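Each remark here refers to the structure printed beneath this line.
Protein chains: 2
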Amino acid sequence: MQQIFITGAAGFIGSNLADRLLADGKTVVGWDNFSTGQRKFLDGALKNKNFKLIEGDNLDLPALTKAMVGCDTVFHLAANADVRFGLEHPSKDLQQNTVATFNVLEAMRANGIKRIAFSSTGSVYGESAVIPTPEDAPFPIQTSLYAASKVSGEGMISSYCEGFKFEGYIFRFVSILGERYTHGHVFDFYKQLLEHPDRLKVLGDGTQRKSYLYVQDCVSAMLHVINQGTAKNAKHGVEIYNLGNDEYVQVNDSIGFICGALGLKPKMEYTGGNRGWVGDNPFIFLATKKIQSTGWKTSLTIEQGISRTLQWLQQNQWVYESRSHK
Amino acid sequence: MQQIFITGAAGFIGSNLADRLLADGKTVVGWDNFSTGQRKFLDGALKNKNFKLIEGDNLDLPALTKAMVGCDTVFHLAANADVRFGLEHPSKDLQQNTVATFNVLEAMRANGIKRIAFSSTGSVYGESAVIPTPEDAPFPIQTSLYAASKVSGEGMISSYCEGFKFEGYIFRFVSILGERYTHGHVFDFYKQLLEHPDRLKVLGDGTQRKSYLYVQDCVSAMLHVINQGTAKNAKHGVEIYNLGNDEYVQVNDSIGFICGALGLKPKMEYTGGNRGWVGDNPFIFLATKKIQSTGWKTSLTIEQGISRTLQWLQQNQWVYESRSHK
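Chains as they are written, first to last, in the numbering used here: chain V, 855 to 1180; chain A, 855 to 1180.
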């Protein structure tokens, strides 16, 4: 792994990954359509001679193919990550996730690039009856278009691993937190509290249980197994790993951490029900035994991750202007 | 279920389903792009005043939406079913299966149609370690683009069931046999034996174990559960059923049935290995307890199904001229 192509390089995880790879002395080609990515996240990378930024969209296959020339590994992180609003624009997940992933695979094939890492999601397990949910949980029923599109991406990637001898690393993420976080419950809650510190609207009843992982831990985990080359010896050329924390919190716990750090006691306004939105899963907690058995472990607890995220948002309130949520 | 829309109506299963529904007094709108469908399969249906044929492609969303007007149920059977040749044209499964299924769902939504039946495949289980394989087998790794595209279709359908309150019936088929069969091992073997009765080339070593279901049993099973309305009370509005026989045979057994019926003793030429092609699964046997628990059962054994198929091919050798395999 010397010259690495990152789709979604100006995004939350992509830009953190780019910085890490550059610090490790790698050459990085960043690819982003800037639909949600932030140029500012690449300020550091752009100062590095080993970084090249190419602006483009995954739906433009010829441009994508050309941009990948010379790379040996692709991190495919670009995606429509609007889980909540999938029903408002059903074609978005199909185009930006499913078709985009197909294009990434075809661009790789055209360039003879075989190693791919893919950001999937713990949402692919639907409402699993097995918690913590392992990678080989019962074949799930999809409940969101977002997760369905990620399952579709996983399936194409593993088929390319089988059929075209690709080396695939599929990571099913819990929600990721940390520096450059621009999307999710901490983002939403802090935004509300900036606007009206005396009240907080919460989707659902606040009892939803979720697990979160710090972005630097997420990046470390991916690099850890790819450097070990675990997929090379896998039966179908692909390895699938849950990436998460070995603990979970309730939304209400998280609210407690946030309000405590800010010294606020807002009036809570719950929309009610045990789901935040249609397709929301009231309990997401992934088994992380497989990734931990490779020797990787987390550096921050969920509470520490939330605290780190909040600090970053406090210092970077510009993200609220440049990126309206949704 | 009174006015039924069938995609792939001129296909093997679609045309048999149309005939059955018409015999039951239903109104049927048949939709086909005739890429592999046969007009001749609809000879009977076209004589029935309750049948309307509309020629069109699932990728033409406006035409598809218009064609569905007035229907209350959609059987989405149209697909690229070229499992073996997926690697030669990877975009075909994406377009004809994944994108096509999305269009069917969107056309339904535009028309306020909520009930959908979908032909998925036992191949979605990949190389399952659990045999017979139940619907809730461990989350599989996809090994073919065809199966990956069916998983994608399943995921979108179940998401529409959850998000838009659709009523979904997903059927994971084993290989289907019987009248109007134009694709698969009996088709290929008989074709070879017509051309050179003294020798038979077999992909793999002939020990692949597969299960087969007679097309009339397949049609009966689908109608049986839809008439019971099982998905109406399902947790996410969708029910998934394996459709198969409660027995399996080796490819070599099947060759024995075929050669016995034809009175031939060809010299066998095996290509070797336990797979017929990349992505082939050496053992497909689905658990059918769930569909059987609804009261449905098969009428023919696999041997009887193969015999019936062979008789039909002998009487309809025109299919070899009109449809070159692949």
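C-beta: ideal position from N, C-alpha, C; glycine also. Nothing here was measured: the structure is a model prediction, and the numbers come from that model.
Looking at the structure shown, is residue i part of a helix, part of a strand, or coil, going by DSSP?
i                     : result
glutamate 1101(A)     : coil
tyrosine 1035(A)      : coil
tyrosine 1174(V)      : helix
asparagine 912(A)     : coil
alanine 971(V)        : strand
proline 992(V)        : strand
lysine 894(V)         : helix
phenylalanine 1139(V) : coil
glutamate 1157(V)     : helix
asparagine 870(A)     : helix
glutamine 856(V)      : coil
asparagine 951(V)     : helix
lysine 906(A)         : strand
threonine 803(V)      : As shown, chain V starts at 855 and ends at 1180. That puts residue 803(V) outside it, with no answer to give.
threonine 1163(A)     : helix
isoleucine 1011(A)    : helix
histidine 1179(V)     : Its pLDDT being 42, under 50, histidine 1179(V) is placed unreliably in this model, and the value from its coordinates should be taken loosely. Three-state DSSP puts histidine 1179(V) in coil, outside helix and strand.
leucine 1116(V)       : helix
phenylalanine 1056(A) : Sequence inspection shows valine at residue 1056(A); the phenylalanine mentioned does not correspond to that position. Three-state DSSP puts valine 1056(A) in a strand.
lysine 946(V)         : helix
isoleucine 1109(V)    : helix
isoleucine 985(A)     : coil
lysine 901(V)         : coil
alanine 1085(V)       : helix
glycine 1149(A)       : coil
aspartate 1042(V)     : helix
glycine 980(A)        : coil
serine 998(A)         : coil
serine 1199(V)        : Absent from the model: residue 1199(V). The displayed extent of chain V is 855 to 1180, so no value can be given.
Classify residue i as buried or exposed, calling it buried when 16 or more other Cβ atoms lie within 10 Å of its own Cβ.
i                    : result
lysine 1119(A)       : exposed
serine 1178(A)       : With a pLDDT of 48 at serine 1178(A), under the threshold of 50, the modelled position of this residue cannot be trusted; read the value that follows with caution. When all chains shown are included, serine 1178(A) counts as exposed.
methionine 922(V)    : buried
aspartate 1052(A)    : exposed
glycine 879(V)       : exposed
serine 977(A)        : buried
methionine 962(V)    : buried
lysine 1086(V)       : exposed
threonine 952(V)     : buried
phenylalanine 888(A) : exposed
glutamine 1171(A)    : exposed
methionine 1010(V)   : buried
glycine 1126(A)      : exposed
leucine 896(V)       : buried
serine 1013(V)       : buried
serine 1153(V)       : exposed
serine 1147(V)       : exposed
histidine 930(A)     : buried
histidine 1090(V)    : buried
glutamate 1123(V)    : exposed
glutamate 1101(A)    : exposed
serine 1176(V)       : exposed
Just reading off the beta strand (DSSP E) that residue i is part of, what are its end residues?
i                  : result
alanine 933(V)     : Looking at the DSSP string, alanine 933(V) is not in any beta strand (DSSP E), and its letter there is neither H nor E.
aspartate 886(A)   : 881-886
isoleucine 1024(A) : 1021-1027
leucine 941(A)     : Note, leucine 941(A): premise wrong, no beta strand (DSSP E); not H, not E.
Quick one: give me the first and last residue of the alpha helix (DSSP H) that residue i is part of.
i                 : result
glutamate 1123(V) : First-last for glutamate 1123(V): 1121-1124, but that is the beta strand (DSSP E), not the alpha helix (DSSP H).
leucine 959(A)    : 954-965
valine 1069(A)    : 1069-1082
Cβ of residue i versus every heavy atom of the ligand ZN: is any distance shorter than 8 Å?
i                    : result
phenylalanine 866(A) : Looking for the ligand ZN in the displayed structure turns up nothing, as the structure carries no ligands at all.
Based on DSSP bridge pairs, tell me the residues matched to residue i.
i                 : result
glycine 862(A)    : Partner(s): none; glycine 862(A) has no beta bridge.
arginine 1129(A)  : Paired residue(s): none; arginine 1129(A) is not in a bridge.
valine 928(V)     : Phe859(V), Ile970(V)
glutamate 1093(V) : Tyr1023(V)
tyrosine 1066(V)  : Ser1029(V)
*If you measure beta-carbon to beta-carbon, which residues of the stretch 988-1008 of chain V are closer than 8 Å to chain A?*
Glu989, Asp990, Ala991, Pro992, Phe993, Pro994, Ile995, Gln996, Thr997, Ser998, Leu999, Ala1001, Ala1002, Ser1003, Val1005, Ser1006, Glu1008
*Can you list, in chain order, the residues of the stretch 941-953 of chain A whose Cβ is nearer than 8 Å to any Cβ on chain V?*
Leu941, Pro944, Ser945, Leu948, Thr952, Val953
*asked:* Beta carbons nearer than 9 Å to chain A: which residues of the stretch 950-975 of chain V have them?
replied: Thr952, Val953, Phe956, Leu959, Glu960, Arg963
*Taking any Cβ of chain V, which residues in the stretch 1147-1177 of chain A have a Cβ under 9 Å from it, in chain order?*
none
*asked:* Residues of the stretch 1016-1028 of chain A in Cβ contact with chain V at a cutoff of 8 Å, in chain order, please.
replied: Glu1016, Gly1017, Phe1018
*Going along the stretch 1073-1092 of chain A in order, which residues come within less than 7 Å of chain V, judged by CB to CB distance?*
His1090, Val1092
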